[in-house]
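Worksheet: the structure to be examined is printed underneath.
Chains as they are written, first to last, in our numbering: chain D, 1 to 94; chain W, 95 to 404.
So this is what it looks like as structure tokens:
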């Protein structure tokens with residue numbers, strides 16, 4: 001089973017064309033193995049990116065270097081998955 | 095496992111076996127209303143089941159609802175289960191959609207992408223696509239919402255099998271898509287088609303592959319406004335609505351663009367909760383509220399389809 005330990009979901013809300021372009025550039029960086037939960041859509045609209053742990057530093061550096069602010073929507077994806085799994089087990093036992 | 099659909103836990107996520115077992119129970123409990131059709135088989139040979147809700151008649155005008163075409167969007171399959179039970183309850187109590195069932199049938203495909211759904215439970219919770227092999231690539235799967243014959247392969251889908259929006263080698267290459275295409279064509283009397291996704295709280299209508307407005311745009315827009323108002327009335331959940339291309343982005347080969355081009359005027363796609371706190375990992379306690387509010391919007395669309403025959 002693929003684990004998502006240390007993966008984070010970052011939220012970026014581009015406020016200018018430059019910021020939008022910086023986020024779009026990430027889509028082309030295939031080696032980072034980013035998963036765009038919400039793809040870039042336009043100015044003021046959130047972009048949610050699941051970032052594998054090994055790519056976190058590179059992605060954050062890319063955004064920070066360009067002055068693009070972001071927030072961490074999900075701190076550790078695996079932690080949420082564990083909760084989900086536990087709830088399912090509890091529910092099936094019930 | 096629950097023994098009947100009254101004791102089934104609607105506030106939890108379930109495996110495919112549990113959902114298929116739920117469907118069998120629902121059919122067994124309501125033989126005069128619900129039947130289960132197998133419209134095809136998936137890439138990995140899983141049955142593609144559709145629940146038919148009908149009070150009789152032959153080839154009545156019908157409403158189609160599908161959930162779970164993107165397998166990781168678990169709140170959609172879970173909502174589909176809730177919808178199925180709700181239709182039965184409304185019929186029994188002669189309320190809600192009971193009046194719709196007097197003249198129309200409802201078809202509900204709860205697990206539209208079963209291979210992907212099983213994969214999300216066993217190997218990769220974040221899997222979105224089908225599980226078909228791609229010749230010449232190590233990457234697996236096609237985005238079943240880019241695989242329809244409506245602007246297929248144009249901008250708004252990817253030709254790279256390793257991306258999440260890979261459109262596939264040709265239109266309807268995915269059996270999960272082809273089975274619905276064949277069903278819709280052979281039925282010939284589907285009047286409303288609603289495909290349900292998550293997340294981002296949107297109600298969308300065609301088109302996604304072109305900026306040309308749909309000929310019925312004004313009516314679809316007004317109907318969307320009513321549906322969204324009904325949805326929001328329950329818990330205050332905020333939705334946006336509009337055409338796919340103007341509200342989110344260009345998307346080619348999508349489901350409802352194809353259905354609309356087939357003459358199904360009331361073609362819509364939903365994006366359910368949330369707006370980004372949990373994404374695809376929506377807590378199970380939000381399943382029922384999500385389904386309840388969505389149902390109000392669905393009912394508006396279904397009633398409009400009933401009251402505006404074409």
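Yeah, the Cβ is synthetic: ideal placement off N, Cα and C, and Gly gets one too.
Neighbour-count burial assignment, residue i, 16 or more Cβ in a 10 Å radius
i              : result
residue 387(W) : buried
residue 349(W) : buried
residue 90(D)  : exposed
residue 187(W) : exposed
residue 403(W) : exposed
residue 72(D)  : exposed
residue 241(W) : buried
residue 66(D)  : exposed
residue 203(W) : buried
residue 200(W) : buried
residue 295(W) : buried
residue 43(D)  : exposed
residue 171(W) : buried
residue 29(D)  : exposed
residue 151(W) : exposed
residue 184(W) : buried
residue 273(W) : buried
residue 19(D)  : buried
residue 239(W) : buried
Below-9 Å beta-carbon distance, residue i vs any chain D residue
i              : result
residue 343(W) : yes
residue 225(W) : no
residue 219(W) : yes
residue 371(W) : yes
residue 377(W) : yes
residue 114(W) : no
residue 241(W) : no
residue 374(W) : yes
residue 106(W) : yes
residue 216(W) : yes
residue 293(W) : yes
residue 153(W) : no
residue 228(W) : no
residue 132(W) : no
residue 138(W) : no
residue 258(W) : yes
Nearest candidate by alpha-carbon position, reference residue i, set the options
i              : options                           : result
residue 98(W)  : 367(W), 115(W) and 176(W)         : 115(W)
residue 258(W) : 1(D), 8(D) and 27(D)              : 27(D)
residue 143(W) : 371(W), 369(W) and 128(W)         : 128(W)
residue 324(W) : 104(W), 397(W) and 179(W)         : 397(W)
residue 70(D)  : 84(D), 39(D), 36(D) and 46(D)     : 46(D)
residue 338(W) : 181(W), 352(W) and 390(W)         : 352(W)
residue 235(W) : 359(W), 107(W), 120(W) and 136(W) : 136(W)
residue 1(D)   : 92(D), 87(D), 82(D) and 88(D)     : 82(D)
residue 52(D)  : 35(D), 41(D), 68(D) and 15(D)     : 35(D)
residue 326(W) : 340(W), 389(W), 138(W) and 147(W) : 389(W)
residue 134(W) : 101(W), 219(W), 401(W) and 276(W) : 276(W)
residue 58(D)  : 48(D), 37(D) and 31(D)            : 31(D)
residue 297(W) : 263(W), 162(W) and 336(W)         : 336(W)
residue 48(D)  : 85(D), 13(D) and 18(D)            : 13(D)
residue 212(W) : 358(W), 370(W) and 109(W)         : 109(W)
residue 373(W) : 219(W), 279(W), 146(W) and 354(W) : 219(W)
residue 40(D)  : 62(D), 61(D), 17(D) and 60(D)     : 17(D)
residue 161(W) : 180(W), 205(W) and 181(W)         : 205(W)
Cβ-heavy atom distance, residue i to the ligand ATP, below 8 Å
i              : result
residue 387(W) : The ligand ATP is not among the ligands present in this structure, which contains no ligands whatsoever.
Min CB distance residue i to chain W below 9 Å
i             : result
residue 5(D)  : no
residue 61(D) : no
residue 14(D) : no
residue 35(D) : yes
residue 74(D) : yes
residue 38(D) : yes
residue 23(D) : no
residue 32(D) : no
residue 55(D) : no
residue 84(D) : yes
residue 81(D) : yes
residue 68(D) : no
residue 87(D) : yes
residue 48(D) : yes
residue 44(D) : no
residue 19(D) : no
Per-residue contacts from residue i into chain B (C-beta, under 8 Å)
i              : result
residue 124(W) : Checking the listed chains, one finds no chain B in this structure; the protein chains it contains are D and W.
Note down, one range per segment and in chain order, each alpha helix (DSSP H) of at least 4 residues found wholly within the stretch 168-218 of chain W.
Fully enclosed alpha helix (DSSP H) runs of 4 or longer: 168-187, 192-197 and 208-216.
Enumerate, from N- to C-terminal direction, the unbroken beta strand (DSSP E) stretches of 3 or more residues contained entirely within the stretch 271-349 of chain W.
For the stretch 271-349 of chain W, whole beta strand (DSSP E) runs of length 3 or above, ordered along the chain, are 284-292, 296-299 and 334-337.
Decide yes or no for the touch test of the stretch 284-295 of chain W against the stretch 347-367 of chain W: beta carbon pairs closer than 8 Å, at least 3 of them.
Below 8 Å, enough C-beta pairs join the stretch 284-295 of chain W and the stretch 347-367 of chain W to call them touching: three or more.
Are the stretch 212-228 of chain W and the stretch 267-285 of chain W touching, with three or more C-beta to C-beta distances below 8 Å?
Taking a cut-off of 8 Å for Cβ pairs, the stretch 212-228 of chain W and the stretch 267-285 of chain W touch, as three or more such pairs fall below it.
Please go through the stretch 98-180 of chain W and give each complete beta strand (DSSP E) segment of 3 or more residues, from N-terminal end onward.
DSSP runs (the beta strand (DSSP E)) wholly in the stretch 98-180 of chain W: 128-135, 141-147 and 156-161.
Evaluate the contact criterion for the stretch 372-389 of chain W versus the stretch 175-185 of chain W: three or more CB pairs, one atom per stretch, below 8 Å.
Yes, they touch.
Does the contact criterion of 3 or more C-beta pairs under 8 Å hold for the stretch 77-89 of chain D versus the stretch 3-12 of chain D?
Segments in contact, yes.
How do the stretch 119-128 of chain W and the stretch 163-170 of chain W stand: do at least 3 beta-carbon pairs fall below 8 Å, yes or no?
These segments do not touch.
Specify whether the stretch 245-261 of chain W and the stretch 317-332 of chain W touch according to this definition: at least 3 beta carbon pairs, one from each stretch, less than 8 Å apart.
Proximity of the stretch 245-261 of chain W to the stretch 317-332 of chain W falls short of the contact definition, fewer than three beta-carbon pairs being nearer than 8 Å.
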